[in-house]
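Novice: Residue numbers (full-length UniProt numbering): 1 to 508.
1) Going by other Cβ atoms of all chains shown within 10 Å of its Cβ, with 16 needed for buried, is residue 313 buried or exposed?
2) Consult DSSP for residue 353 and reduce its assignment to one of helix, strand or coil.
3) What does the alpha-carbon distance come out to for the pair residue 130 and residue 92?
4) Excluding the 5 residues preceding and the 5 following residue 201 in the sequence, name in chain order all residues of the same chain whose CB lies nearer than 6 Å to its CB.
5) According to DSSP, is residue 438 helix, strand or coil?
6) Which two residues bound the contiguous alpha helix (DSSP H) that contains residue 486?
7) Give a yes or no on whether the C-beta atoms belonging to residue 389 and residue 360 are separated by under 8 Å.
8) Secondary structure at residue 493, three-state DSSP: helix, strand or coil?
9) Am I right that residue 208 and residue 258 are in contact with their C-beta atoms under 8 Å? What's the rounded C-beta distance?
10) Can you tell me which of 381, 357, 82 and 140 puts its alpha carbon nearest to the alpha carbon of residue 339?
11) Short check: CB of residue 265 to CB of residue 322, under 8 Å?
12) Tell me whether the segment 49-57 and the segment 241-254 touch, counting them as touching only if at least three CB pairs, one residue from each stretch, are closer than 8 Å.
13) Is the Cβ-Cβ distance between residue 409 and residue 366 less than 8 Å?
14) Going by DSSP in three states, residue 428 sits in which element: helix, strand or coil?
15) Taking all protein chains shown into account, decide if residue 486 is buried (16 or more other Cβ within 10 angstroms of its Cβ) or exposed.
16) So residue 264 is in the alpha helix (DSSP H); what residue range does that whole segment cover?
17) Using only the alpha-carbon positions, how far apart do residue 295 and residue 356 sit?
18) Let me know the secondary structure DSSP gives residue 45 once reduced to three states.
19) Using 10 angstroms around the beta-carbon of residue 164, count the other beta-carbons present and answer buried if the total reaches 16, otherwise exposed.
20) Candidates 159, 54, 480 and 193: which alpha carbon is nearest residue 445's?
21) Are there three or more Cβ pairs, one per stretch, closer than 8 Å when the segment 284-304 is compared with the segment 60-70?
22) What residues match up with residue 168 in a beta bridge as DSSP calls it?
23) Residue 328: which of 337, 336, 342 and 349 sits nearest, CA to CA?
24) List the DSSP bridge partners of residue 207.
25) Which stretch, first to last residue, makes up the alpha helix (DSSP H) that contains residue 464?
26) Alpha carbon to alpha carbon, how far is residue 198 from residue 396? Give it in angstroms, no decimals.
27) How far does the beta strand (DSSP E) with residue 392 in it extend, from its first residue to its last?
28) Which of the three DSSP states is assigned to residue 254 in this structure?
29) Thinking residue 160 and residue 170 are a contact (beta carbons under 8 Å), I'd like their distance in whole angstroms, please.
30) Which value, in whole angstroms, describes the spacing of the CA atoms of residue 142 and residue 440?
31) Cutting at 8 Å between CB atoms, please list the residues of its own chain near residue 375, excluding the five before and the five after it.
32) For the beta strand (DSSP E) containing residue 371, name the first residue and the last one.
33) Which class does residue 314 belong to by DSSP, given the choice of helix, strand or coil?
34) Using the Cβ count rule (16 or more neighbours within 10 Å means buried), how would you classify residue 182?
35) Cβ atoms of residue 97 and residue 78: under 8 Å apart, would you say?
36) Taking the beta carbon of residue 122 as the centre, do at least 16 other beta carbons fall within 10 Å, making it buried, or is it exposed?
Structure, rendered in structure tokens:
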């Protein structure tokens with residue numbers, strides 16, 4: 001059977017050519033071609049019309065592999081490689097570090113773009129202050145990406161960063177930058193993975209961070225901006241000791257939409273880390289969460305808590321419900337061999353109900369365990385021996401998974417938690433379904449809303465205003481946040497979600 005429009009000869013020739021292009025690459029670099037499943041970050045990238053794709057998994061080499069099969073391998077001038085680089089899709093991902101030394105260290109390539117293009121990459125900032133990189137210079141910012149348009153457009157543009165990790169666009173005097181839904185003055189964070197993209201279309205270049213437009217240039221020319229080459233490099237003796245790490249650089253031969261970029265960011269950027277808390281603030285750092293559905297973007301909520309107990313606490317199990325389908329997934333049962341004969345209690349959690357407190361009693365082992373939700377409901381199992389203990393859960397966080405030492409008895413409780421502020425749920429619903437008017441009006445004067453947004457304090461009005469909500473007081477004194485659908489800044493809701501996560505991480 002043949003497919004309409006499929007040319008076997010052309011396909012075979014292209015495949016053979018790709019093999020030839022890749023035959024000089026290292027085996028380590030080629031492992032980046034392995035995609036775990038459809039919809040993964042790498043699979044999504046390889047499905048796009050690529051001019052080049054550098055996974056940057058190579059060992060020490062002057063060549064970085066172009067995994068697109070087009071043979072546009074990058075030139076690495078003595079930049080360190082194999083630097084650990086956290087991503088969602090691989091525990092073993094690495095990156096390339098830009099180093100400000102003389103002669104210059106750089107990563108570069110010559111290219112030939114069409115009328116529109118997207119340059120995307122993953123970025124982390126690493127602070128090397130302890131390594132004394134050299135005396136500061138007077139430059140207000142450090143360029144790290146240099147773009148050279150085609151010869152008939154003799155302009156040179158740079159993407160730079162300041163000491164405060166804000167992004168700047170540098171170029172000829174007329175290349176002014178304007179906000180595009182958020183401000184380029186917002187600081188990024190050290191040791192955090194970001195999905196970055198520059199999108200060129202209709203003479204305008206827009207910069208995206210995690211799928212959110214942070215700034216765009218005013219029209220630079222009436223003609224398309226063609227790209228002749230680009231280079232990642234930092235100048236010697238930069239003002240800051242903070243240096244960029246790069247991974248998965250790709251040049252796409254069309255302008256990607258914000259939705260496409262956001263999907264790539266979600267597939268690449270690790271979810272916020274689960275916070276581990278132990279009894280009386282003691283946590284064994286070697287203990288890791290074993291529940292894949294406990295992560296923020298798993299699409300599951302904790303739907304029930306099951307406790308087994310008699311004279312002692314004998315075990316606990318959480319169940320998780322898919323928030324879209326309602327399908328229930330049982331979590332790991334942390335229980336002794338005697339739990340099967342013990343009394344079982346179950347607390348079914350309601351929508352928007354979370355475990356916010358875990359406490360109990362223990363001596364040589366756990367005698368009792370108690371969980372309490374944000375609705376004030378509790379479930380307790382076990383006896384009254386031992387002394388009381390509390391498991392640390394930061395304000396504004398919810399328990400998502402447990403870990404224990406299991407033997408004849410249960411001991412060493414660890415709780416893994418994530419942010420649960422209800423405003424995050426409201427804004428996530430709106431970001432996922434912006435046309436659903438159910439999410440366009442939020443009542444702010446009910447006790448549930450006021451109690452559950454408390455961790456944001458005085459920042460609440462600013463968050464909703466930035467997202468495009470009006471603060472409206474209706475007859476009777478009720479206050480609502482009403483979404484300005486057609487006037488709201490584009491992608492502002494997504495940006496606010498990242499800001500809230502950062503705020504809570506700093507405040508915890």
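Quick reminder that beta carbons are idealized off the backbone N, C-alpha and C, glycines included.
Specialist: Put simply:
1) Residue burial is scored here from C-beta neighbours: residue 313 has at least 16 other C-beta atoms within 10 angstroms and is therefore classed as buried.
2) Correct three-state label for residue 353: coil.
3) Note on residue 130: pLDDT 46, under 50, position unreliable in the model; no value is reported.
4) Once the five neighbours on either side are set aside, the close Cβ partners of residue 201 are 116 and 255.
5) Correct three-state label for residue 438: helix.
6) Bounds of any alpha helix (DSSP H) do not take in residue 486, whose DSSP letter is neither H nor E.
7) The Cβ atoms of residue 389 and residue 360 lie closer than 8 Å to each other.
8) Helix, per DSSP.
9) About 7 Å; that satisfies the 8 Å criterion.
10) Among 381, 357, 82 and 140, the Cα nearest to that of residue 339 is on 381.
11) No, these two residues do not count as a Cβ contact at 8 Å.
12) With the cut-off at 8 Å, the segment 49-57 and the segment 241-254 touch.
13) Residue 409 is a Cβ neighbour of residue 366, given a cutoff of 8 Å.
14) In the structure shown, residue 428 sits in a helix (DSSP, three-state: H, G or I).
15) Exposed is the call here.
16) Boundaries of the alpha helix (DSSP H) harbouring residue 264: 258-268, taken from the DSSP string.
17) One C-alpha to the other measures close to 16 Å.
18) Residue state, collapsed to three classes: helix.
19) Flag for residue 164 reads exposed.
20) When the alpha-carbon of residue 445 is set against those of 159, 54, 480 and 193, the nearest one is in 480.
21) Cβ pair count under 8 Å is below three, so no.
22) DSSP links residue 168 through a beta bridge to 160.
23) Looking at the Cα atoms, 349 is the closest of the given residues.
24) Looking at the DSSP output, residue 207 bridges to 198 and 215.
25) Start and end: 460-467.
26) So the two alpha carbons sit approximately 35 Å from each other.
27) Segment: none, residue 392 is in no beta strand (DSSP E) and carries neither H nor E.
28) Residue 254: coil per DSSP, three-state reduction.
29) Right, their Cβ atoms sit about 5 Å apart.
30) Cα-Cα distance, rounded: 41 Å.
31) Excluding positions up to five away in sequence, the list reads 350 and 353.
32) From DSSP, the beta strand (DSSP E) with residue 371 extends over 366-373.
33) DSSP, reduced to helix, strand and coil, places residue 314 within a strand of the structure shown.
34) Low confidence applies here, because residue 182 scores a pLDDT of 42, under 50, leaving its location unreliable and the question unanswered by this model.
35) No, the pair does not count as a contact, with Cβ atoms beyond the cut-off.
36) It counts as buried.
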